[in-house]
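*Asks:* Numbering follows my numbering, in which position 218 of the sequence shown is assigned residue number 224; successive positions increment by one, without gaps.
Note that the Cβ used here is the ideal one computed from N, Cα and C, for glycine as well.
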Amino acid sequence: MTGPLILAIESSCDETGIALVEGGRRIHANVVASQVALHAPTGGIVPEVAARAHLRWILPVLDEALADAGATVADVDAVAVTHGPGLAGSLLVGINTAKTIAWVHGKPLVAVNHLEGHVYAAWLLDPAQDEVSEPLFPLVALVVSGGHTFLVEMHDHLEYRLLGQTVDDAAGEAFDKVGRLLGLGYPGGPEIQRAASGAVNHDAAFPRAWLGDSFDFSFSGLKTAARRIVDAERAEAGIAGDPEAHLPEPRVAELAWGFQDSVTDVLVAKTIRAARATGARSIVLGGGVAANAVLRDRLLAEATGLGVPVIIPRPGLCTDNGAMIGAAAARRLAAGERAGLDLDARPSLPLASQ
Ligand code: KG4
Ligand code: ZN
């Protein structure tokens, strides 16, 4: 494969990610310094703590990525960075690093939207992976992360038509909140998946917010339903006033299963319906929640009936990383886009408008 070698930096939330990606597809290096352990005691991200951790780790991560790729900054054709959406302080660290590298080495600078990075993860190939065909247009992409949940239609590169989005919580946020409610660790997504896999009874019934024919999503009712069930069962067990006490493990597993079943049911059904309605030739899944095994399996199974290929990056490429930014950046570079050295963080940058 040929194509520009891009040094890509992602620091929008709580992962410091730096990658080298060739031709928008082939990963040469992809290093991620996770802050999960740092944020676990608070059960959520404290923005200033996240920004300081990026500052601490960004240059060591850069060194490691260059060493993994056997490259120097002189070898790269462009520097790409996430400029939004995300936490301002976190974004600033990545942007300032990218600008400095671009300026010192005279390289073009490319600004990437974090959300399109999650979509473009579907184009990535691991270093030793056999080449596979690219996702075909038109496609529908479901992005489910800690901060965002939306369905878009794409007829070509970098063209996004928003089909629907969450009207309240993001899917990952719901996983994290319900995980906390059930006394599971942080972040809640992987913990709920783990707990749910141990459920013996598969009959915990949680509501589904279909919102009529729309492609929008809502998870706050589900969260409230989970809280009601947990509060009632804690009161019954006589542990209502004790934050250290939790429901018995088998019951937590059943509730985790019921919650996960509801979320994945709605996500998969709407994505399949969107693919059918738009005549999609491929379906792409991305974002941290796309690491969920039940969601992945269900979407793959449901799409078989439709005859539309589903592209889901391996879990490590679904959660935040630099390679996905490099994949999207290659398209922006090819389109002639260049960011100036006055590039600023855009914490509320939207992906597409309806
Ligand atoms: O995309 P991401 O790494 O960061 C954002 O851009 O938000 O997504 C993080 C979210 C968290 O809410 C986390 O709980 C969720 O992805 N997540 C999962 C799983 N792994 C990560 N949710 C469900 N099942 C998983 N296996
Ligand atoms: Zn993300």
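Under 7 Å Cβ to Cβ from residue 235, same chain only, skipping five residues before and after it: list those, please.
*Replies:* Once the five neighbours on either side are set aside, the close Cβ partners of residue 235 are 261.
*Asks:* Going by other Cβ atoms of all chains shown within 10 Å of its Cβ, with 16 needed for buried, is residue 110 buried or exposed?
*Replies:* Exposed, by the Cβ-count rule.
*Asks:* Does the ligand KG4 have a heavy atom nearer than 7 Å to the CB of residue 40?
*Replies:* Checking the Cβ of residue 40 against the ligand KG4 gives no.
*Asks:* Where the beta carbon is closer than 5 Å to any heavy atom of the ligand ZN, which residues qualify, in chain order?
*Replies:* In chain order, the qualifying residues are 151, 326.
*Asks:* Between the stretch 189-206 and the stretch 297-308, do three or more beta carbon pairs fall short of 8 Å?
*Replies:* These segments touch.
*Asks:* Suppose you measure from the CA of residue 254 to the CA of residue 226; what does that come to, to the nearest Å?
*Replies:* C-alpha separation (whole angstroms): 25 Å.
*Asks:* Looking at the structure shown, is residue 223 part of a helix, part of a strand, or coil, going by DSSP?
*Replies:* Strand at residue 223.
*Asks:* Should residue 116 be counted as a contact of the ligand KG4 given a C-beta to heavy atom distance under 7 Å?
*Replies:* Outside the cutoff, so no.
*Asks:* With a 10 Å radius around its C-beta and 16 neighbouring C-beta atoms as the bar for buried, classify residue 241 as buried or exposed.
*Replies:* Residue 241 comes out exposed.
*Asks:* From which residue to which residue does the beta strand (DSSP E) around residue 16 run?
*Replies:* First-last of the beta strand (DSSP E) with residue 16: 11-16.
*Asks:* Under 7 Å from any heavy atom of the ligand KG4, does the C-beta of residue 196 make it?
*Replies:* Yes, Cβ of residue 196 sits closer than 7 Å to a heavy atom of the ligand KG4.
*Asks:* Starting from residue 199 and walking both ways along the alpha helix (DSSP H), at which residues does that stretch end?
*Replies:* Its alpha helix (DSSP H) spans residues 194-202.
*Asks:* Going by DSSP in three states, residue 4 sits in which element: helix, strand or coil?
*Replies:* In the structure displayed, the chain extends from 7 to 360; residue 4 sits before or after that span and is not available.
*Asks:* Taking C-beta to C-beta, are residue 139 and residue 18 nearer than 8 Å?
*Replies:* Contact: no.
*Asks:* Between which two residues does the alpha helix (DSSP H) harbouring residue 123 extend?
*Replies:* Segment 120-126, the alpha helix (DSSP H) holding residue 123.
*Asks:* CB-CB under 7 Å to residue 243, same chain, minus the five flanking residues each way: which ones, in chain order?
*Replies:* Once the five neighbours on either side are set aside, the close Cβ partners of residue 243 are 253.
*Asks:* At 4 residues or longer, what runs of the alpha helix (DSSP H) sit wholly inside the stretch 71-159?
*Replies:* The qualifying runs are 94-111, 120-126.
*Asks:* Using only the alpha-carbon positions, how far apart do residue 60 and residue 312 sit?
*Replies:* C-alpha separation (whole angstroms): 43 Å.
*Asks:* Taking just the CA atoms, how far does residue 12 sit from residue 37?
*Replies:* The straight-line gap from Cα to Cα measures roughly 14 Å.
*Asks:* Exposed or buried, residue 342, counting other C-beta atoms within 10 Å across all chains shown (16 or more means buried)?
*Replies:* Per the 10 Å Cβ criterion, exposed.
*Asks:* Could you give the residue range of the alpha helix (DSSP H) that holds residue 189?
*Replies:* Careful: residue 189 lies outside any alpha helix (DSSP H) and carries neither H nor E.
*Asks:* Output the distance between the C-alpha atoms of residue 129 and residue 336, rounded to the nearest integer angstrom.
*Replies:* The straight-line gap from Cα to Cα measures roughly 11 Å.
*Asks:* Taking just the CA atoms, how far does residue 147 sit from residue 68?
*Replies:* Distance between the alpha carbons of residue 68 and residue 147: 30 Å.
*Asks:* Suppose contacts are defined by Cβ-Cβ distances below 8 Å. Is residue 293 in contact with residue 154 by that definition?
*Replies:* Yes, the pair counts as a contact, with Cβ atoms nearer than the cut-off.
*Asks:* For residue 309, which residues of its own chain have a beta-carbon under 6 Å away from its beta-carbon, when the five flanking residues on both sides are left out?
*Replies:* 289, 316.
*Asks:* Relative to the C-alpha of residue 214, which candidate in 208, 223, 207 has its C-alpha closest?
*Replies:* If we check each option's Cα against that of residue 214, 223 comes out closest.
*Asks:* Tell me where the alpha helix (DSSP H) around residue 311 begins and ends.
*Replies:* Per DSSP, residue 311 belongs to the alpha helix (DSSP H) from 299-312.
*Asks:* Say the cut is 7 Å; is the CB of residue 89 nearer than that to a heavy atom of the ligand KG4?
*Replies:* Every heavy atom of the ligand KG4 is 7 Å or more from the Cβ of residue 89, so no.
*Asks:* Using only the heavy atoms of the ligand KG4, determine whether one of them is closer than 7 Å to the beta carbon of residue 232.
*Replies:* Outside the cutoff, so no.
*Asks:* Using a threshold of 8 Å, state whether the C-beta atoms of residue 145 and residue 287 are closer than that.
*Replies:* In this structure, residue 287 lies closer than 8 Å to residue 145 by Cβ.
*Asks:* To the nearest angstrom, how far is the alpha carbon of residue 166 from that of residue 158?
*Replies:* Those two C-alpha atoms are separated by around 6 Å.
*Asks:* Whole-angstrom Cβ separation of residue 277 and residue 306, contact assumed at under 8 Å?
*Replies:* Rounded, the Cβ-Cβ distance is 11 Å, inconsistent with contact.
*Asks:* Which same chain residues end up closer than 8 Å to residue 239 when comparing Cβ atoms and leaving out the 5 residues on each side of it in sequence?
*Replies:* 253, 257.
*Asks:* How about residue 104 and residue 115: are their beta carbons less than 8 Å apart?
*Replies:* In this structure, residue 115 lies closer than 8 Å to residue 104 by Cβ.
*Asks:* Spatial neighbours of residue 83 within its chain, please: CB distance less than 6 Å, with the 5 preceding and 5 following residues excluded, ordered by chain position.
*Replies:* Excluding positions up to five away in sequence, the list reads 10, 11.
*Asks:* Going by other Cβ atoms of all chains shown within 10 Å of its Cβ, with 16 needed for buried, is residue 211 buried or exposed?
*Replies:* Under this definition residue 211 is an exposed residue.
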